[in-house]
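Everything on this sheet refers to the single structure shown next.
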Amino acid sequence: MNLLVIVLASQLLYYLLIVQTGVVGAFDSHIHDIFTLPIGGVIGSLLSAYWRHENLRQELFFMFAIQIIVSWYYPNYSLGLLLVLGFIVGYTTPLLLHIFKSQSRLGLALGMAISYAIGTALYDYPFAQRGTIAVALPMISIIALYFSYVQKTSAFETEVFPVSVVISMMLWIFADSALFETLSRSHTLDVWSHFTALVITAHLVGVYLAYRFKKSLRESHWTIFGLFVASYGMYYAGNAVGLAIVYPIAISYYNVLLFSKLIRMHNIRLIGVSMVGVGWVATSVANLIALEQMLWIAVVILIGGGIALSFTKQGVRS
């Protein structure tokens, strides 16, 4: 197994435990205290898309080192440091996904399985006490990258920007983030805290199904839609056990396919531009909806978006 799998897993964990839940939790979801984080992410993604990359391995070493330095200050971040943190994550993600194209879907599945299992197990770890985790994860990334083989390929292979693909990705990310942020603020349906082992198992099942059936994002359109409809249904029905089973499967299943598609774009520019919408815009809008307790908007967008995608002539190309 190429240690790039560990690099991917550690960076996914950093996003899950530090960026997505740690920072937001430490600042009690106060938008005015963390609004520079997604701004930095957008800037980083765009710069990675249009920068002339000479040595991707060297760039990643440098960005991970900066990530360690910024992580020393966790969670005492100013708006400026949050801008830098967002920039680092936004810049490194397209590069990492691009160099990961040499790996098989099994490698992607392993990386995501590791991140979901450990991330779920550490979900209840106090936000303010994750400083050690924040520093350790990029250190693991550097060590694993040092011993990894990175295939040298063109960073900008010619390819048309897949508009319909990115729209579908944004839809699934939006539906996921809105429900996740809502559940993380729920005292009765916070399934990560109450059914940790079940959630981990469900995540692994979702990853396995995505790997086992090897379908594309387009081919799984209705499967993903159905899983999210079921997840939202379980939430409104107050069925915590059902939610702890269906929702993690939905998350893992669609994310393996989504990351697989991003990796197969073979073009940092396409990945970087796509990540602006997928990684930052969709999640930020979803967070606002969750904070305002207006999840019904997400339901309307999910249903409307799912129906609209099914009628597009181009569909979502595999």
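Just add 4 to the spot in the sequence shown (first one is 1) and you have the numbering used here.
Even for Gly, the Cβ is constructed at its ideal location relative to N, Cα and C.
In the structure shown, the three-state DSSP call for N259 is helix. A direct Cα-Cα distance of roughly 26 Å separates E63 from G26.
Between the region 42-51 and the region 194-202, the count of Cβ pairs shorter than 8 Å is below three; the stretches do not touch. Distance from the CA atom of S14 to the CA atom of G94, rounded to whole angstroms, is 15 Å. Distance from the CA of S52 to the CA of A182, rounded to the nearest whole angstrom, comes to 27 Å. Note that the C-beta distance between I103 and I70 is not below 7 Å. Excluding five sequence positions before and after N6, the CB atoms of its chain that fall closer than 7 Å to its own CB belong to Q107, G111, S152, Y153, given in chain order.
With a beta-carbon spacing of about 6 Å, S75 and P142 fall inside the 8 Å limit used to define contacts. Annotated as distal: A248 and L231, with beta-carbon spacing of 7 Å or more. Per the C-alpha coordinates, the member of V303, W300, V9 positioned closest to A148 is V9.
Within the region 182-228, no run of beta strand (DSSP E) reaches 3 residues while sitting entirely inside it. Minimum Cα-Cα distance from N259 among the listed residues L295, A117, V245, W284 corresponds to A117.
Relative to the Cα of Y257, the nearest Cα in the group F217, I267, G276 belongs to F217. Out of S172, I22, T205, the CA that lies nearest to the CA of A140 is found in I22.
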